[in-house]
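S.K.: This structure is in C-alpha cells; I'll ask about it shortly.
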Amino acid sequence: MNYADMLSNALNDLINLNQKRKALNAEINKLKQFVEATLAIASVAVRDEFKDYASEVLEALSVNTSLADSIREVFDANSEIGFSVADVRRSLAETGFDFTSYTSNPLSSISTTLRRMAASGELRSAEISGFKVYAKQAKRGKIRLLSEVRKGAAGAKQS
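Counting from -3, one number per residue, gives the positions in the sequence shown under this note's numbering.
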C-alpha cells in the first residue's frame, strides 16, 4: 500500500468535492432567491397554493453556511489577495450568500466577522491606500488588493 498516493488522491478528492459543494451552494442560494422573489410577485392564488410548500422547502435549506465559513471560503479561493470589507461582501454576493436573515447592515456583520478572524490570528490585516484589507494568515508575502489583481487580469486580457 502506497500511503503517499492514497493521501494525494484523498486530498485531490477533497479539493474537487469542496469545489463542487461551493458551486452547489451558489446554485441553491440563487434558486432560493428566485423562489422568494417569485412568491413576492405572484398572484395571491399562486402564493396561497405554494406558501406552505415553499416554507417547508426553504426551512429545510436554512441550515446555511455561517457567515464566517462563507468568508473563509472567499479567502481559501483567493489566498494571496487582500480584500476590503466591500470586496468580501461583493464576493459573497457573487456566490449567492443569503443576507436576508441578518438584521444589521451586511457590511457591519462582515466587518465584525473579519475583525474577529484577524484578532484570532486566522486572517491578517493591513492598511493599503487608506483601506483596511484582510488576507489569509498562511501567506507572508505582500498583500495585493483585489482591485489590483482584477486590473492586472484585465490588462493581460487586453494584451
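Beta carbons: idealized from backbone N, C-alpha and C, even for Gly. Keep in mind it's a predicted model, so treat the numbers as computed, not measured.
Please report the straight-line C-alpha distance between R86 and F95, rounded to a whole angstrom.
M.R.: 12 Å
S.K.: In whole angstroms, what separates the C-alpha of S104 from that of R43?
M.R.: Each residue's Cα considered, the two are about 33 Å apart.
S.K.: Inspect the beta-carbon positions of A16 and G92 and report whether they are closer than 8 Å.
M.R.: A small fix is needed here, since residue 16 is Lys in this sequence, not Ala. No, the Cβ-Cβ distance between K16 and G92 is not below 8 Å.
S.K.: Is there contact here, the stretch 76 to 85 with the stretch 123 to 130, by at least three beta-carbon pairs under 8 Å?
M.R.: yes
S.K.: Specify the secondary structure class of E118 as computed by DSSP and reduced to three states.
M.R.: In this structure, E118 counts as coil in the three-state DSSP scheme.
S.K.: According to the Cβ coordinates, are A50 and L35 closer than 8 Å?
M.R.: yes
S.K.: What does a CB cutoff of less than 8 Å around L119 pick up in its chain, not counting 5 residues either side in sequence?
M.R.: F71, L110, M113, Y130, A131, K132, Q133
S.K.: State the Cα-Cα distance for the pair F46 and A19, rounded to the nearest angstrom.
M.R.: 27 Å
S.K.: If distances are taken between C-alpha atoms only, which option among N(-2), S107, I67 comes closest to L88?
M.R.: I67
S.K.: Do L54 and V40 count as a contact pair if the criterion is CB distance below 8 Å?
M.R.: no
S.K.: Going by DSSP, what residues sit across from F95 in a beta bridge?
M.R.: DSSP, once it has assigned bridges, lists no residue as partnering F95.
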